[in-house]
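Since the structure comes first, as C-alpha cells, the remarks are kept for the end.
Protein chains in written order, with the numbering used here: chain B, 37 to 480; chain R, 1023 to 1360; chain G, 7 to 332.
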C-alpha cells in the first residue's frame, strides 16, 4: 500500500522516530546475536547453573564499570594442573607427586574468593594432599593436608582456622604482606604458587587440580548469587522479550480487529454478544489470573503467551476498534462492494480491516513493550518461564537476594535498562507513527 | 391504496419490461435499546413502476423521501417488506446464493460521494479488479484488459495514467468516472445512479451526466437516475417520477412533466428552481411552508396535504388520493386533478 | 447602489503551507462591497472563495500564511488589527459569518436559543434574559417559532438549523454577513425558503451580504454583483445583470453554459479540462489551457480591464476593447 510507504518515508522527519528505530534495531541485533551465539539448549543449560559457572565469582560487578573509574579490581585467575609441572618420586611403595600451580596476580584489589577443585582418579584408596602457598617473596604458608575424594572442592577462603592464622580473611591474607592490625592491607602483586604434594597409593591413580582465584568483577553485566553470568540472561532475555511482545501484540491486535470488524458488520446479536463478552472480560483482572494459572498450572512462557492473547482479544481494544469501524461500515465503498456481490468475509477482511490498519500501527507499536513489561512483571512475581533466562527473572532473583541492599546495583540496572530501552524505542517510534497516521494530532 | 404507477404508461415497445416493481414497500423498524419497537419508518411505501431495457428514468425527490431506500431495495441491499421486484422475469426476493450474485453483476451502482465510494487504501487498478475477482475473473491479463477498456470508456485515457493512482490523487470528477467504470465492469443491463453529481462542481456535473447518458445509450442500459434536482433531469432521461413521503406521486415523460406539472408538489419544486437570471433577486419564490413529512408518522390522506396550497379539507387530509391520468401517459396521485 | 464602499478588499493574497509546497489559494483579489449590496463570490471548489471568506473572518486554519494586502472596513484596514481588537471590534460586531449548518456550525449539546444569544452576551454584554429575548426576535425574523429556542440542534430539521445559524449571525446587527455555502446541503424547497428569508432581511435591514457559493442559480437569487473566481483570482466582476446576461470572460461564458436549465432546449455543455494546480500555477492566464479563445498573449498574465459600468474582467480579449481602462 503506497500510502503506508509514504507514511513510513515521512518517519525520517521525526528525530525521535529515528532514535526509536535505532534502539529497536539494536535490540533486534542483540536478539539475533544471542540466539546464534548461544543456542537455545546452551542457554538453558547455562542458566540452570551448577558446574557451568563454577569458575565465575559470586555477585561480581561488571568489569567495564570498574575500568571506567580507573579501578583495579581483581579479575578471576585460574591455574590448572594441566599446565603445571609435576614432579614425581617413588617413596616406600607409594608415589609422591608435587604439582606447582603458578599464577600471576597483578591487580590492585583482592580477590573475592579462593577455591581449589580437585578431581582424583583412584580405585579404593583416596590420595592424600598437602597444600602449601608460596608468595612472590618465597614465603611459604601451609594450607593444610587432607584426603581427597573423587571430586573435591577445597574452599580455601572459607577456612576459619586459616583466617585466624592470617588475621585476615584468607582471600585477603594470602595476597598481602601488610601485617594485620597495622593499616589497610595492600595487595602484594607478583607470581604466587600453590604447591600440591600428593601421596598416591595406587599405581594408576591420578589427580587433577584447578585453582581459581575469583575476581571482584566479571564480564559485561556481572554475575549473580549462583555465579551465573548475567550477560547470558540479558542477551537471551532480548529475543524472549521481543518474541513475547511481538507475538502477543500481533495475536491480540489481529484477532481483536477481526472480531470487532465481524461484530460491526453483522451487528445484532453477534455484536451484542461480543460487546457483553468484552465488558465482562474488561473487568477481569489480567495479572491475578496469570498469577493463578502460573501458580496452579504451569509458568511456561508459551502458556502465558496463549493466556495473554486469549484474554487480550476481548479487551478494551474491541470497543475502540468498534468505534472506528462503525463509520467505516457506513462507507459508500462498503455498500458498493455489497452491490457488486462481495462476500461478508471479503468485506470484513479486505474492506473494513485495512481501512483502520494505518491508524492501528502506532497503537500496535506501543503495545509491544506493554506485553514485554507484562512478561517481566510475571517473572518478577516469580512466574517466569522455568527454563528460559529472561530479564524479569534476573530482577526476581535480584529482589529475592536483596541486591540493592547489598549494593549489587548492576543486578537490577542491567535488566531494568534493557526493559527501558525496549519501552523507549517502541514508544518513540510509536508516538512518531501516531503523528503521521493520525494527522488530527499533528499541529501544522 | 393505489399509486400512480399501477396505471403507469405501458412500455412503448409493448415488450415485457426489464424491471417490474409492484406495490413495493420497504419499512424499517425503529427499536429502542435494541428490542423495543418504537415505530416504523415507511421509507418506500407502495411503489410500483416498470422500466424497459435501455430506458432511462429519473426519480426526483427531496432528502428523506425514500428515493435512496428505493434504490437500495432494487439493488438487493434492503429486504422489501412487501411487494415484488421482478428483474428480467425473476423475482428478486427468490434469488439466493449464485443467482443473487449474478443479479448483482447485472445491476451497476453509482453513488453520490465518489471519494467515499472508492476504498482509499487501494489503487484504481485494484479497486476495479475487485468486482472481477468477486465474480471469478482471476486471470490477470483478462482483468487488465477489462479494466483498461472500462477506464477508457469513461474517458480516463490513457488508462495507464490512472491505473496506479489512489483515489485521493484524482479530482472529484475523475473519481466519479472510476465509480462509473466499476459499475460498468461486469457488463450490467441496468445502472442505478443515486445522486451521482450532487457533490460535484457545476462544470463537472455536466461532464458526468453526459458520460452517464453516453454509456446508457451505447450499452442500451436501463438507467435509474436518482436526484433531488429537477433541473438536471432534462436531456438525460426519458421519463421522470416524483417521489414524496415514500410514494411516487407523479410520473411522466420529462418534457411533459416540466411543461405540465400536475401534482402541487411538482409545481412547488419547479417554482423553487430558477435558471440563473438577474431578475431572480427581485422576486420572492412561492414556497410551500412546513417540512417534508415524517416517514415514521406520515400524515393521513395525501402526504402533501399539510403543505399543499390547494388541499381540500375533509378530502385531502383523510383519504389517500387515487391515481388518475388527466393527461395521456401522465399519471398523478392528487384528488384535485381530473 | 451608490455610496462609498463599505468593505474593500485590496490585493488580498493568501497561501497555505502544505507538504508539497505553498498553495496560493487567493492570489491578488480586489473586491468592493457597498452598503446594502449583495456580492456573490462564485467559483468551483478549490478556486479560493472559501479561503477568502475565512480571511475576512480571520478563521483561517493554522497552516495558512498570514494574508497580505488590505481589507478595509469603512476605509480602515482590519487585516492589520491585533487578534484581540479584531475579535472585539470586527468579528460578529461588524462582520458575521453564516456557515453550512450541516458542518458543525452548532454545538450539539447546547440549546439553540443559548447559542443564538451567545454573540450578544460576548460582544454586547447582554444579560442572558435580554439576550434570549433578542434571540427570540431573531428567530421570528428568520421564520422559526420561538418554542424552538429551547430545543437542541438535533431536534431541528436541516432547514431550521440553517435558519438558526443565520439568526446567530443577525443578532448582533452586523454591517456585513458572509454566507459560506448557506444552502448547498439543503433541499430545493428549503433552499428557496431560506433565499426568501435572506431577500427579506436584505430589504428590511439594509445588511450587506457576501455570498460564497458554487451554485450559480442560487447566487442569482440575491446577488446585486457577482465576482467569479478561478484558480485564486477574480476573473470577472460585474453587476448581476451584466454577469448573467452578458458574461465577458470565456470562463464565465462556459460556466454559464454548463448550468442545466429548465427553460432552454439546448443541453448544458461541459468545460473540458481541469483547473491548474495552485502549487505551481501557470504564469499567464490561468484559464488559457481550457480556453477555446486563447491566443499568444494569453501566456502573459492578463491585466484587469474595466469595461463600462463597474464591469471588471481579467482577460486579454477585452484589454483593447473600446471604453476599457486598464
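A virtual CB, placed ideally from N, CA and C, is assigned to each residue, including glycine.
Here the structure is a predicted model, which is why all the values come from computation and not from measurement.
Between residue 292 of chain B and residue 349 of chain B a beta carbon distance of about 5 Å is seen, short of the 8 Å cut, so the two are scored as contacting. Under the DSSP definition of a beta bridge, residue 169 of chain B partners with B:177 and B:230. A direct Cα-to-Cα measurement between residue 13 of chain G and residue 258 of chain G gives close to 24 Å. In this structure, the alpha-carbon of residue 198 of chain B lies about 10 Å from that of residue 210 of chain B.
The beta carbon of residue 1111 of chain R sits no closer than 7 Å to any beta carbon of chain B.
Identification of chain B residues near residue 1133 of chain R by a Cβ-Cβ cut-off of 8 Å yields 368, 371 and 372, ordered along the chain. The beta carbons of residue 215 of chain G and residue 1300 of chain R sit no closer together than 7 Å. Residue pairing by DSSP puts residue 1131 of chain R in a beta bridge opposite R:1214. Interface flag for residue 280 of chain G against chain R is set, since a Cβ pair is found closer than 7 Å. Note: residue 1081 of chain R is bridge-paired with R:1248 and R:1263 in the DSSP secondary-structure output.
For residue 159 of chain B, no beta strand (DSSP E) segment is defined, and its DSSP state is neither H nor E. For the 7 Å CB-CB criterion, residue 190 of chain B and residue 156 of chain B do not form a contact.
Secondary structure at residue 295 of chain G: helix, using DSSP grouped into helix, strand and coil. Measuring C-alpha to C-alpha distances from residue 1259 of chain R to each of R:1268, R:1241 and R:1248 identifies R:1248 as the nearest. Collapsing the DSSP output to three states places residue 254 of chain B in coil. Chain G places no beta carbon closer than 7 Å to that of residue 1064 of chain R, leaving this residue out of the contacts. Residue 63 of chain G and residue 15 of chain G do not touch by the CB rule: their CB atoms are close to 13 Å apart, not below 8 Å.
Pairing residue 164 of chain B with residue 246 of chain B gives a Cβ-Cβ distance that is not under 7 Å.
Of R:1077, R:1088 and R:1071, the smallest CA-CA separation from residue 1063 of chain R is found for R:1088. With distances taken between CA atoms, residue 1292 of chain R lies nearest to R:1253 out of R:1162, R:1253, R:1314 and R:1318. Around the beta carbon of residue 62 of chain B, a 10 Å sphere encloses fewer than 16 other beta carbons of the protein chains shown; the residue is thus reported as exposed. For the pair of segments examined, the stretch 1221-1230 of chain R was found to touch the stretch 1191-1204 of chain R: the number of CB pairs separated by less than 8 Å reaches three. Taken in chain order, the complete alpha helix (DSSP H) segments of 4 or more residues contained in the stretch 99-146 of chain G are 118-129. By the neighbour-count criterion, in which 16 or more other beta carbons inside 10 Å mark a residue as buried, residue 444 of chain B falls on the buried side. Look at the stretch 250-336 of chain B and you find no whole run of beta strand (DSSP E) that is 3 residues long or longer. Within the stretch 1121-1208 of chain R, the complete beta strand (DSSP E) runs of at least 3 residues fall at 1129-1132. Membership of residue 235 of chain G in the beta strand (DSSP E) is indicated by the continuous run 231-236. Within the stretch 199-219 of chain G, the residues whose Cβ lies closer than 8 Å to any Cβ of chain R are, in chain order, 199, 201, 202, 205 and 206. Taking a beta-carbon distance threshold of 7 Å, residue 1253 of chain R counts as an interface residue toward chain G. Neighbours of residue 1280 of chain R across chain G, judged by C-beta separation under 8 Å: 268. Judged by beta-carbon spacing, residue 146 of chain B lies within the 7 Å limit of residue 208 of chain B, meaning their Cβ atoms are closer than that value. By the 16-neighbour rule on beta-carbons within 10 angstroms, residue 367 of chain B is buried.
Cα atoms of residue 267 of chain B and residue 91 of chain B: separation of roughly 15 Å, rounded to the nearest angstrom.
For residue 42 of chain G, no alpha helix (DSSP H) run applies, since DSSP gives it neither H nor E. The beta carbon of residue 11 of chain G sits closer than 7 Å to the beta carbons of 38, 39 and 40 from its chain, once the five residues preceding and following it are set aside; these are given in chain order. Every beta strand (DSSP E) stretch that sits fully inside the stretch 74-137 of chain B and reaches 3 residues is listed by chain position as 113-116 and 121-127.
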